[in-house]
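Visitor: Residue numbers (our numbering): 24 to 332. We put the beta carbon where it would ideally sit given N, CA and C, even for glycine. This is the structure I have questions about; it appears just below.
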Ligand code: TUI
């Protein structure tokens, strides 16, 4: 099987999550410049904004980087053409089925790496010729599936013959090595990068991730079809209450979630903001440069030390 670093052109088999409103050109370039694989997370951005971030990232790094498209975005289709025009080499997708765009991207030579939350979904996409899969457990922050990284990764590894990238709950070399033990070819990290010096979020958000204890995250909206893991606060409690009423339209809830994410990201509002973060927030204890975070994951890995990777 192809090595993930050969597929991506990065030094480390570590990719950055496509965190909406957070994975800007700045964070993406910092990750790629540090030897990981950076991504611009399009979230709910329109085409003009994504284009401007792509241009910025191209100016900030000469290393390869990718684009993450959140498929429930109203701009997903337009962005699916933009990545071709901009000659982006790798696209990751989340929160939906990338099926309708696959052929067009593959014809353009774009490597496609969807996030999958289940085995059946992984098999279907592998059959369609995607290049790798990001297998994300429910430990992750933001929009999540039901299964844990620990159980889902080995099942997908057994079901497909393309590289699997483990995501959800990984914040240090121990999580990295666990993922490799489960058969993954690499990992995706998000939460630990929230606590990086280069991450363009409000200082309050970073501080809240660093102070989070093991039990501080919760999944809101499991019963609505839009389950989102956040750090518990007033907003999370309000959202939980709102979703007890099953008649609230999904689109309205998504707007509320993305809108309140902005309050946390830009204003540092830790009461009314949606503080998306994964369970690994409990592992994250300090704010460090991206380069230190990536090096400490890779260089301390037993697999790396043993020369296996
Ligand atoms: O997408 C994510 N994480 C996200 S997106 C986001 S922004 C947002 N805000 C409000 C509501 C919803 C999203 C914050 N965090 N991770 C990747 C991911 N994809 N996790 C799970 C999935 C997924 C779920 C279902 C992928 C495919 C899927 O298929 C459903 C289907 O049958 O189409």
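Below 8 Å CB to CB, which residues in the same chain sit around residue 277 once its five sequence neighbours on both sides are set aside?
Guide: As a position in the chain shown, residue 277 is number 254, starting the count at 1. Excluding residues within five positions, the ones whose Cβ falls inside 8 Å are 95, 249.
Visitor: In whole angstroms, what separates the C-alpha of residue 260 from that of residue 35?
Guide: Residue 260 sits at position 237 when you count from the first residue of the chain shown. Residue 35 sits at position 12 when you count from the first residue of the chain shown. Distance between the alpha carbons of residue 260 and residue 35: 39 Å.
Visitor: Are the region 131-139 and the region 103-118 in contact at 8 Å, needing three or more beta carbon pairs?
Guide: yes
Visitor: According to DSSP, is residue 330 helix, strand or coil?
Guide: Counting from one through the chain shown, the residue named residue 330 turns up at place 307. Three-state result, residue 330: coil.
Visitor: Figure out for me which residue from 99, 89, 126 has the closest Cα to the Cα of residue 112.
Guide: Reading the chain shown from its first residue, position 89 is the one you call residue 112. Just measuring C-alpha positions, the residue of 99, 89, 126 sitting nearest residue 112 is 89.
Visitor: Going by the C-beta, is residue 120 closer than 7 Å to any heavy atom of ligand 1?
Guide: Locating residue 120 in the chain shown gives position 97, where the first residue counts as 1. Yes.
Visitor: I need the boundaries of the alpha helix (DSSP H) containing residue 227, first residue and last residue.
Guide: Walking along the chain shown from the start, residue 227 turns up at place 204. Unbroken alpha helix (DSSP H) run through residue 227: 226-234.
Visitor: Would you mind stating whether residue 211 and residue 67 have Cβ atoms separated by less than 8 Å?
Guide: Here residue 211 refers to the residue found at position 188 when the chain shown is read from its first residue. Here residue 67 refers to the residue found at position 44 when the chain shown is read from its first residue. Against a cut-off of 8 Å, the Cβ pair of residue 67 and residue 211 comes out as no contact.
Visitor: Please classify residue 103: does DSSP put it in a helix, a strand, or coil?
Guide: Indexing the chain shown from 1 puts residue 103 at position 80. Here DSSP, grouped into helix, strand and coil, assigns residue 103 to helix.
Visitor: Among 146, 50, 310, which has the Cα closest to the Cα of residue 154?
Guide: The sequence position of residue 154 within the chain shown is 131, counting from 1. Out of 146, 50, 310, 146 has the C-alpha closest to the C-alpha of residue 154.
Visitor: State yes or no: is the C-beta of residue 216 nearer than 7 Å to some heavy atom of ligand 3?
Guide: Although ligand 3 was asked about, the structure shown includes only ligand 1 as ligands.
Visitor: Have a look at the DSSP bridge pairing and note the partners of residue 91.
Guide: As a working mapping, residue 91 is identified with position 68 in the chain shown. 64, 115, per the DSSP bridge assignment.
Visitor: Answer yes or no: do residue 301 and residue 213 have a C-beta to C-beta separation smaller than 8 Å?
Guide: By 1-based counting over the chain shown, the position of residue 301 is 278. By 1-based counting over the chain shown, the position of residue 213 is 190. Yes, these two residues count as a Cβ contact at 8 Å.
Visitor: Taking the C-alpha atoms as reference points, what is the distance between residue 328 and residue 269?
Guide: Position 305 of the chain shown, counted from the first residue, corresponds to residue 328. Position 246 of the chain shown, counted from the first residue, corresponds to residue 269. If you take the alpha carbons of residue 328 and residue 269, they lie about 51 Å apart.
Visitor: Between residue 57 and residue 308, how many whole angstroms is the CB-CB distance? I'm expecting something under 8 Å.
Guide: By 1-based counting over the chain shown, the position of residue 57 is 34. By 1-based counting over the chain shown, the position of residue 308 is 285. Residue 57 to residue 308, Cβ: 20 Å. No contact.
Visitor: Please list the terminal residues of the continuous alpha helix (DSSP H) segment that includes residue 311.
Guide: Stepping through the chain shown from its first residue, residue 311 is reached at position 288. Counting along the chain, residue 311 falls outside any alpha helix (DSSP H), and DSSP gives it neither H nor E.
Visitor: On the criterion of 16 or more Cβ atoms from any shown chain inside 10 Å, does residue 200 qualify as buried, or is it exposed?
Guide: Along the chain shown, read from residue 1 onward, the residue named residue 200 stands at position 177. Counting Cβ neighbours within 10 Å, residue 200 comes out buried, since at least 16 surround it.
Visitor: Grouping DSSP H, G and I as helix and E and B as strand, with all else coil, what is residue 76?
Guide: In the chain shown, the residue the question calls residue 76 occupies position 53. In this structure, residue 76 counts as helix in the three-state DSSP scheme.
Visitor: Give the range of the alpha helix (DSSP H) segment to which residue 150 is assigned.
Guide: The residue labelled residue 150 in the question sits at position 127 within the chain shown. Where residue 150 is concerned, the enclosing alpha helix (DSSP H) stretches over 142-150.
Visitor: DSSP beta-bridge partners for residue 50?
Guide: Numbered from 1 along the chain shown, position 27 holds the residue referred to as residue 50. DSSP output for residue 50 lists no bridge partner at all.
Visitor: Let me know if residue 231 comes out buried or exposed under the rule of 16 or more other beta-carbons within 10 Å of its beta-carbon.
Guide: Counting from 1 along the chain shown, the entry for residue 231 is found at position 208. Buried, by the Cβ-count rule.
Visitor: Looking only at its own chain, which residues have a Cβ that is under 7 Å from the Cβ of residue 317, when we skip the five neighbours before and after it?
Guide: Along the chain shown, read from residue 1 onward, the residue named residue 317 stands at position 294. 35, 37, 57, 58, 59.
Visitor: Please name the residue or residues paired with residue 190 in a DSSP beta bridge.
Guide: Within the chain shown, the letter at position 167 stands for residue 190. Beta-bridge pairing links residue 190 to 159, 211.
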